[in-house]
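Q: Numbering (the working numbering), first residue to last: -17 to 676.
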């Protein structure tokens, strides 16, 4: 292991040993390069570097009341909200020039070094920071603690000799057992200073691992092609890529995209496109797992959604982390919003075991804006966040894990990534969501996936994953919460969602044997069921609906309240439930009583309408919800019986699913679903034969 240098060193390029690799990096593995990204928009650049405007108290980019209420902000750093203007510039050669007397920090998401994660998941003891700069100024290195306290670690003066100077610092990982980062600032002196390059490395052999990339796509040929183009333009990533497998399950083929022939030619034999029926995300990603293990020449499989924009350096970081981890580890990337590029929707994911629902791993939060409240001003970001799984928008899976535990569960969509991560963890393979590895993705806040056709898969797969992994005999509070959620759907006049939720429970009760069948056939059946209900018949033009009006005005012109406190919500829920047993007003079946924006369509509010036009989360369409007393009563009786049966049969049902898991996740079972030869010689579960090709 490296030992601390007795003092920071600075040498000129002329004094360095002439070599393609600097002497300070010989015998070392670079795990993180400092990125400049001058081609990006100003707001996105804040994920890489900031201009420091003051080291005084207070953070002008965050609201004081919010700081006090959330108690998550540090108050000792101020950063510019106008990018680098007047402080620094990024050159065409991707170097950073800092103006005299100005300071720039690289303590940002993509350039700060997540020391706590390397401390926890590797046996390495010191990391080497190498900085190459030209000009006069000061290099200041900081580290943080798990409490968010910031400590100055090193300060190195750089003389303006006109030649490139290299600073090498060996920094200990010992203080980071609970959390913390390293980063550096660069400050111009009497003249400007230019950062030429910087990297973080460990004493380790050169990389020899091979990587396959699996992309599942469905009717997004433009997105998928753009992602392939980006990969084709990254020689560093392509150098370790064994194969890029695109599993195309749509009717709009990637191969028909105008840009595909050129990128296919550029990637050559590194690209393979497979066509198969739509088996959802779990079917597409399982096919990539199947083919990667069958070929046998890759150490890792990186799963990527087709509609993401990837910071490709993150792929190299994920592979380096997996290579140097002390045990076989899944390495996941974070998810930023594709629409609001500095907002991170998922920093760490965990499963609440009692409720059995996913959510942010404590103390992280969803939808954190790194531009508004950056690293140094956000205390919880300095804690190491341990996770149960990582979403498959970006997740690196060692092929050893696939060979050991099998492929994805046949869930079509939803919960397949969570279930796989839990199954891997139970087998001794942890998951790490690695800071500095990330993609931009359409956020789930722009979707209605708990009330549209996906409600079936949310319900079924949540129950199945709990049957497989819940530590509680009857699944904790899950069955009770499921019953409550079903009542909420009925009170909101979402009868289509209520119907397919009950179908999901029936399918779970039928046992694991039908899961592969349902991969291929249930989606069409679900859509047919939904079409029987008005709330599942969206229209893109509000004018096709009758004009919203009331037969009689509400008393004193009071509308339906929209309470924000718990007491108000409970009162609305209680009175709304009572309303369900009354006969709907006939006029409300002819004219909607209101047009309700999606942001206001809370179930306890909708329960007070006899009908309403309700818009979808994406803002594209709306549907007419109509209260039906008979439908409410019918579904409520059926739901009560199904949930009672589910609770009673839970222990026996859990045993059935757990016993069946090795079979339903086996390559043989999946190959039958794919319609190909099911054997994998020397592969998962010791199967025989070769994988089929499309």
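Even for Gly, the Cβ is constructed at its ideal location relative to N, Cα and C.
Put residue 47 into one of helix, strand or coil per three-state DSSP.
A: With a pLDDT of 34 at residue 47, under the threshold of 50, the predicted position of this residue should be treated as unreliable, though the coordinate-derived value follows. Helix at residue 47.
Q: Does the distance from the C-beta atom of residue 304 to that of residue 285 stay below 8 Å?
A: Not in contact: residue 304 and residue 285 (Cβ atoms no closer than 8 Å).
Q: So, for residue 161: in the same chain, excluding its five sequence neighbours on each side, which residues have a beta-carbon less than 6 Å away from its beta-carbon?
A: Result list for residue 161: 98, 128, 364, 365 and 366, in chain order.
Q: Say whether the segment 336 to 351 touches the segment 376 to 389, bearing in mind that this needs 3 or more beta-carbon pairs closer than 8 Å, one atom from each stretch.
A: No, the segment 336 to 351 is not in contact with the segment 376 to 389.
Q: Which value, in whole angstroms, describes the spacing of the CA atoms of residue 629 and residue 461?
A: Roughly 6 Å separates the two Cα atoms.
Q: Report the residue ranges of all beta strand (DSSP E) runs contained in full by the segment 287 to 333; include only those spanning at least 3 residues, in chain order.
A: Listed in chain order, they are 312 to 319 and 325 to 328.
Q: Using the Cα positions of residue 612 and residue 352, report the straight-line distance between them to the nearest angstrom.
A: About 50 Å.
Q: In chain order, which continuous runs of the alpha helix (DSSP H) of length 4 or greater are located wholly inside the segment 610 to 663?
A: If we require 4 residues or more, the alpha helix (DSSP H) runs fully inside the segment 610 to 663 come out as 611 to 646 and 649 to 656.
Q: Can a CB atom of chain C be found closer than 8 Å to the CB of residue 441?
A: Reference to chain C is not applicable here, since this structure consists of a single protein chain.
Q: Would you list the one or two residues that DSSP bridges to residue 198?
A: DSSP output for residue 198 lists 229 and 287 as bridge partner(s).
Q: Where DSSP assigns a beta bridge to residue 414, which residues make up the other side?
A: For residue 414, which the question treats as bridged, DSSP gives the partners 313.
Q: Spatial neighbours of residue 255 within its chain, please: CB distance less than 7 Å, with the 5 preceding and 5 following residues excluded, ordered by chain position.
A: So the qualifying residues of the chain are 228, 230, 236 and 237.
Q: Are the beta-carbon atoms of residue 301 and residue 343 separated by less than 8 Å?
A: Cβ distance not < 8 Å, so residue 301 and residue 343 don't count as in contact.
Q: What would DSSP say about residue 674, mapped onto helix, strand or coil?
A: Here residue 674 scores only 33 on pLDDT, less than 50, and its place in the model should not be relied on; the value that follows carries that caveat. Coil.
Q: Taking its Cβ as the centre, do 16 or more other Cβ atoms sit within 10 Å of residue 83, making it buried, or is it exposed?
A: Exposed: under 16 other Cβ atoms inside 10 Å.
Q: Count the other C-beta atoms from every protein chain shown that fall within 10 angstroms of the C-beta of residue 570, then say buried if there are 16 or more, exposed otherwise.
A: Its Cβ being crowded by 16 or more others within 10 Å, residue 570 is buried.
Q: Hey, is the segment 419 to 430 in contact with the segment 465 to 472, meaning 3+ C-beta pairs nearer than 8 Å?
A: No: the two stretches stay apart, fewer than three of their Cβ pairs being nearer than 8 Å.
Q: Comparing C-alpha positions only, which one of 133, 291 and 86 sits nearest to residue 120?
A: Out of 133, 291 and 86, 86 has the C-alpha closest to the C-alpha of residue 120.
Q: Within the segment 536 to 583, note down every full alpha helix (DSSP H) run reaching 4 residues or more, in order along the chain.
A: DSSP runs (the alpha helix (DSSP H)) wholly in the segment 536 to 583: 548 to 561 and 568 to 572.
Q: Inspect the beta-carbon positions of residue 470 and residue 440 and report whether they are closer than 8 Å.
A: Their beta carbons are not under 8 Å apart, which means residue 470 does not touch residue 440 by this criterion.
Q: Below 8 Å, how does it come out for the segment 639 to 652 and the segment 511 to 530: are there three or more Cβ pairs, yes or no?
A: Result no; under three Cβ-Cβ pairs closer than 8 Å.
Q: Which residue's Cα is closest to the Cα of residue 729: 456, 614 and 179?
A: Residue 729 lies beyond the stretch modelled for the chain, which goes from -17 to 676, so this question has no answer here.
Q: According to the neighbour-count rule (16 or more other Cβ atoms, all chains shown, within 10 Å of its Cβ), is residue 131 buried or exposed?
A: Flag for residue 131 reads exposed.
Q: Can you give me the C-alpha to C-alpha distance between residue 373 and residue 400, rounded to a whole angstrom?
A: Going from the Cα of residue 373 to the Cα of residue 400 covers about 7 Å.
Q: With respect to the alpha helix (DSSP H) encompassing residue 440, which residues constitute its N-terminal and C-terminal limits?
A: Note, residue 440: alpha helix (DSSP H), 437 to 451.
Q: Return the CA-CA distance between residue 412 and residue 595, expressed in angstroms with no decimal places.
A: C-alpha separation (whole angstroms): 46 Å.
Q: Alpha carbon to alpha carbon, how far is residue 658 from residue 507?
A: Those two C-alpha atoms are separated by around 25 Å.
Q: Pick out the complete alpha helix (DSSP H) segments inside the segment 82 to 159, 4 residues or longer, and give them in chain order.
A: For the segment 82 to 159, whole alpha helix (DSSP H) runs of length 4 or above, ordered along the chain, are 97 to 103.
Q: Kindly confirm or deny that the segment 203 to 216 and the segment 21 to 39 touch, where touching means at least three C-beta pairs closer than 8 Å.
A: Output reads no: the segment 21 to 39 does not touch the segment 203 to 216.
Q: Given residue 542, which residues of its chain have a CB within under 8 Å of its CB, disregarding the five upstream and five downstream residues?
A: Correct list, in chain order: 576, 587, 590 and 591.
Q: Using only alpha-carbon positions, find the residue among 520, 166 and 627 that is nearest to residue 602.
A: Checking every option, the nearest Cα to that of residue 602 belongs to 520.
Q: Could you tell me whether any non-hydrogen atom of the ligand PLP is closer than 7 Å to the CB of residue 258?
A: No copy of the ligand PLP appears in this structure; indeed no ligand is present at all.
Q: Going by alpha carbons, who is nearest to residue 196 out of 226, 219 and 189?
A: It is 226 whose Cα lies nearest to the Cα of residue 196.
Q: Please name the residue in 240, 403 and 95 whose C-alpha comes closest to that of residue 313.
A: Looking at the Cα atoms, 403 is the closest of the given residues.
Q: To the nearest angstrom, report how far apart residue 14 and residue 604 are at their CA atoms.
A: About 47 Å.
Q: What residue range does the alpha helix (DSSP H) around residue 469 cover?
A: Start and end: 460 to 473.
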